[in-house]
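**Q**
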Amino acid sequence: MSALFSPFTLKESTLANRIVVSPMCQYSAEDGSATDWHLAHLGTLSASGAGLLVVEATAVEREGRITHGDLGLYNDANEEALARVLVHCRAHGSARLGIQIGHAGRKASAHKPWEGGRALGADENPWTTMAPSSLAFGEGWHVPREMDEADLERVKVAHVEAARRAERLGLDVLEVHAAHGYLLHQFLSSISNHRTDGYGGSVENRMRFPLEVVRAVRAVWPEGRPLGLRITGRDWIEGGIELEDAVAFANRLKQEGVDFVCVSSGGVTPNAVPRIEPGYQVPFAERVKREAGLSTRAVGLISTPKQAEAIISEGRADMIALGRAFLDNPHWGWSASRALGAEIERPVQYQRAADKVWPGATYAGTD
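Numbering (our numbering), first residue to last: 128 to 494.
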């Protein structure tokens, strides 16, 4: 029996298998609201063969968007637009549905990747960015204002309100973004956090605001539904977060009632030099799983069924998340099931693509 296609239970949610569609920004929203692109994109991926589909990084406030095209969950219009997409996904797909919420911090107010990904110019409707410290992400980026107590409270409440909206939308899994150089990661890393108050300096202080956000979200997110975080395993730059820090953070998250972590890396500075190769972040998830005792999700250049099967069967992670692989093949789960000899649910309209078809079935048309 395939380990990758074995079920996995988190709280009251049982995933049909260990495959997760990673949250992938599409930069195709309108003032935070999902569009027909999301209907097509997420609708297809909900029937991809994955056990869980995670909606892309979704801003908890308008100023928390990376770009003008980011998805948001900060007002009623955003919630209504996403509800339409989720209804479609549930009607036509079998994947459990989750969402990743977060705030871009100093990496906000930027161009979409295909427009260069740099900071917006003065004539391009930019907005004021904020961060733990007034340190720009890189050369040519906006210098953010240092967050004061009012900012900290507002952003925490924004995460809580987004979680409440996610509950109303009936999402199965909630994930808080604390990686890729965005706001909560900015607090955690000494590269971006030079504060001298209770939110900066020591590792314990740098964890304080992210843990306050998690505690507030856990208080409103239903106990029976899984809560997770995407965290960083390494900043890939001297003086930044190392794997030992990730393990320490994961241990604290477990104490706060977090159910799983997805361990990624990098993104806090453009000067980082990651060593990229297939499965390069899997050791991060493996060590966090072993030393923190949390369910973990591995991510990062996992592309083949054999590779994914080995990660799960060897106990290195509990779930695997794929992004680019699903963009290349939106039915990657179907391909993986054939390669590993597993059965998988497909929409009835696509049953004829399976190795086995209904006994005696005939089709009026031709392939």
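All C-beta atoms, glycine included, are put in the ideal place defined by N, C-alpha and C.
Kindly list the residues whose CB is nearer than 6 Å to the CB of M274, restricted to its own chain and excluding five residues on each side of it in sequence; keep chain order.
**A** Residue mapping note: residue 274 aligns to position 147 of the sequence shown, counting from 1. Around M274: M257.
**Q** Does the structure place the region 350-368 close enough to the region 312-332 that three or more beta carbon pairs sit under 8 Å?
**A** The region 312-332 vs the region 350-368: in contact.
**Q** Cα separation between C171 and P150?
**A** Against the sequence shown, residue 171 aligns to sequence position 44. Against the sequence shown, residue 150 aligns to sequence position 23. Rather than Cys, the amino acid found at residue 171 in this sequence is Thr. Rounded to whole angstroms, T171 to P150 spans 14 Å at the Cα level.
**Q** Helix, strand or coil for L298 per DSSP?
**A** Along the sequence shown, read from residue 1 onward, the residue named residue 298 stands at position 171. Reduced to three states, the DSSP call for L298 is coil.
**Q** Reducing DSSP to helix, strand and coil, say where E139 ends up.
**A** Counting from one through the sequence shown, the residue named residue 139 turns up at place 12. DSSP places E139 in coil when its eight states are reduced to three.
**Q** Mind checking whether H321 and V282 have CB atoms under 8 Å apart?
**A** For this step, residue 321 is matched to residue 194 along the sequence shown. For this step, residue 282 is matched to residue 155 along the sequence shown. It is not a contact, given that the beta carbons lie outside the stated cut-off.
**Q** Less than 6 Å between C-beta atoms, sequence neighbours within five positions excluded: which residues of the same chain meet that for F132?
**A** As a first step, residue 132 is located in the sequence shown; it is residue number 5 there, counting from the start. Taken in chain order, the residues that qualify are N144 and A469.
**Q** Considering C389, what are the terminal residues of the beta strand (DSSP E) in which it resides?
**A** Counting from one through the sequence shown, the residue named residue 389 turns up at place 262. Segment F387 to S391, the beta strand (DSSP E) holding C389.
**Q** Is E413 helix, strand or coil when you go by DSSP?
**A** Counting from 1 along the sequence shown, the entry for residue 413 is found at position 286. Note: E413 maps to helix in three-state DSSP.
**Q** Under a Cβ-count criterion, where at least 16 other Cβ atoms within 10 Å of its own Cβ denotes burial, should P349 be classed as buried or exposed?
**A** Looking up residue 349 in the sequence shown gives position 222. Label assigned to P349: exposed.
**Q** Could you name the residues of the same chain whose beta carbon sits closer than 8 Å to that of R424, not counting the 5 residues immediately before and after it, in chain order?
**A** For the purposes of this step, residue 424 is taken as residue 297 along the sequence shown, with counting starting at 1. Closer than 8 Å at Cβ, skipping near neighbours: V147, G355, F387, V388, C389, V390, A412, A444, D445, M446, I447 and A448.
**Q** Sort L454, L298, A480 and G450 by Cα distance to W461 and report the nearest one.
**A** Position 334 of the sequence shown, counted from the first residue, corresponds to residue 461. Nearest of L454, L298, A480 and G450 to W461, Cα basis: A480.
**Q** Can you give me the Cβ contacts of A210 inside the same chain, cut-off strictly under 8 Å, excluding the 5 residues immediately before and after it?
**A** The sequence position of residue 210 within the sequence shown is 83, counting from 1. So the qualifying residues of the chain are L296.
**Q** Does the Cβ-Cβ distance between S422 and A130 come in under 8 Å?
**A** Taking the sequence shown and counting its residues from 1, one reaches residue 422 at position 295. Taking the sequence shown and counting its residues from 1, one reaches residue 130 at position 3. Cβ atoms of S422 and A130: not closer than 8 Å.
**Q** With DSSP as the reference, label H312 as helix, strand or coil.
**A** Position 185 of the sequence shown, counted from the start, is the residue given in the question as residue 312. Reduced to three states, the DSSP call for H312 is helix.
**Q** Quick one: residues in its chain with C-beta nearer than 6 Å to the C-beta of A435, no 5 flanking neighbours on either side, listed in chain order?
**A** Indexing the sequence shown from 1 puts residue 435 at position 308. Closer than 6 Å at the Cβ level, and outside the excluded window around A435, lie L131, I429 and I447.
**Q** Give me the Cα-Cα distance between S261 and R352, rounded to the nearest whole angstrom.
**A** The residue labelled residue 261 in the question sits at position 134 within the sequence shown. The residue labelled residue 352 in the question sits at position 225 within the sequence shown. If you take the alpha carbons of S261 and R352, they lie about 37 Å apart.
**Q** Compute the beta-carbon to beta-carbon distance between T185 and L198, rounded to the nearest angstrom, for a pair I have assumed lies under 8 Å.
**A** For the purposes of this step, residue 185 is taken as residue 58 along the sequence shown, with counting starting at 1. For the purposes of this step, residue 198 is taken as residue 71 along the sequence shown, with counting starting at 1. At roughly 5 Å, the Cβ-Cβ gap stays under 8 Å, so T185 and L198 are in contact.
**Q** Would DSSP call Q476 helix, strand or coil?
**A** If you number the sequence shown from 1, residue 476 lands on position 349. Three-state result, Q476: helix.
**Q** Just curious, the alpha helix (DSSP H) that M446 is in, first and last residue?
**A** For the purposes of this step, residue 446 is taken as the residue at position 319 of the sequence shown. Where M446 is concerned, there is no enclosing alpha helix (DSSP H), although the beta strand (DSSP E) it sits in stretches over M446 to L449.
**Q** Does DSSP put M334 in a helix, a strand or coil?
**A** Within the sequence shown, the letter at position 207 stands for residue 334. Residue state, collapsed to three classes: helix.
**Q** Can you round the beta-carbon distance between I228 and A289 to whole angstroms, since I take them to be within the 8 Å contact cut?
**A** The sequence position of residue 228 within the sequence shown is 101, counting from 1. The sequence position of residue 289 within the sequence shown is 162, counting from 1. Right, their Cβ atoms sit about 5 Å apart.
**Q** If we call anything under 8 Å between Cβ atoms a contact, is A174 one with S221?
**A** Counted from its first residue, the sequence shown places residue 174 at position 47. Counted from its first residue, the sequence shown places residue 221 at position 94. A contact, by the Cβ cut-off of 8 Å.
**Q** Does the Cβ-Cβ distance between Y201 and E188 come in under 8 Å?
**A** Taking the sequence shown and counting its residues from 1, one reaches residue 201 at position 74. Taking the sequence shown and counting its residues from 1, one reaches residue 188 at position 61. Yes.
**Q** For E369, which residues in the same chain have their Cβ closer than 8 Å to its Cβ, ignoring the five residues on either side in sequence?
**A** Position 242 of the sequence shown holds residue 369. Here the set comprises R361 and D362.
**Q** Roughly how many whole angstroms lie between the Cα atoms of P397 and N252?
**A** Translated into positions along the sequence shown, residue 397 becomes position 270. Translated into positions along the sequence shown, residue 252 becomes position 125. If you take the alpha carbons of P397 and N252, they lie about 24 Å apart.
**Q** From V181, A377 and A399, pick the residue whose C-alpha is nearest to that of M334; which is it?
**A** Position 207 of the sequence shown, counted from the first residue, corresponds to residue 334. It is A377 whose Cα lies nearest to the Cα of M334.
**Q** In the DSSP output, which residue or residues are listed as bridge partners for M257?
**A** Along the sequence shown, one-based indexing puts residue 257 at 130. According to DSSP, which records beta bridges pairwise, M257 is partnered with R272.
**Q** Can you tell me where the beta strand (DSSP E) with R224 in it begins and where it stops?
**A** For the purposes of this step, residue 224 is identified with residue 97 of the sequence shown, where counting begins at 1. First, the amino acid is wrong: residue 224 is Leu here, not Arg. Residues R223 to G229.
**Q** Roughly how many whole angstroms lie between the Cα atoms of V340 and Y477?
**A** Here the question's residue 340 lines up with position 213 in the sequence shown. Here the question's residue 477 lines up with position 350 in the sequence shown. If I take the Cα positions, the gap works out to 43 Å.
**Q** Of all the options G367, P432 and I438, which has the alpha carbon lying nearest to the alpha carbon of G176?
**A** Within the sequence shown, the letter at position 49 stands for residue 176. Minimum Cα distance to G176 is reached at P432.
**Q** Quick check: the Cα distance between N332 and L467, rounded to an integer number of angstroms?
**A** Numbered from 1 along the sequence shown, position 205 holds the residue referred to as residue 332. Numbered from 1 along the sequence shown, position 340 holds the residue referred to as residue 467. The alpha-carbon atoms of N332 and L467 are separated by roughly 46 Å.
**Q** Nearest to F264 by alpha carbon, out of K239, I226, E302 and H307?
**A** Taking the first residue of the sequence shown as position 1, residue 264 is located at position 137. Nearest C-alpha to F264: H307.
**Q** What distance in whole Å lies between the Cβ atoms of V347 and R291, which are believed to be in contact at a cut-off of 8 Å?
**A** Your numbering for residue 291 matches position 164 in the sequence shown. Your numbering for residue 347 matches position 220 in the sequence shown. Yes, they are in contact, since the Cβ atoms of R291 and V347 sit about 6 Å apart, within 8 Å.
**Q** Could you please give the first and the last residue of the uninterrupted alpha helix (DSSP H) stretch that includes S464?
**A** The sequence position of residue 464 within the sequence shown is 337, counting from 1. S464 -> alpha helix (DSSP H) spans W459 to L467.
**Q** Under a three-way DSSP split, which group does I318 fall into?
**A** Along the sequence shown, one-based indexing puts residue 318 at 191. Correct three-state label for I318: coil.
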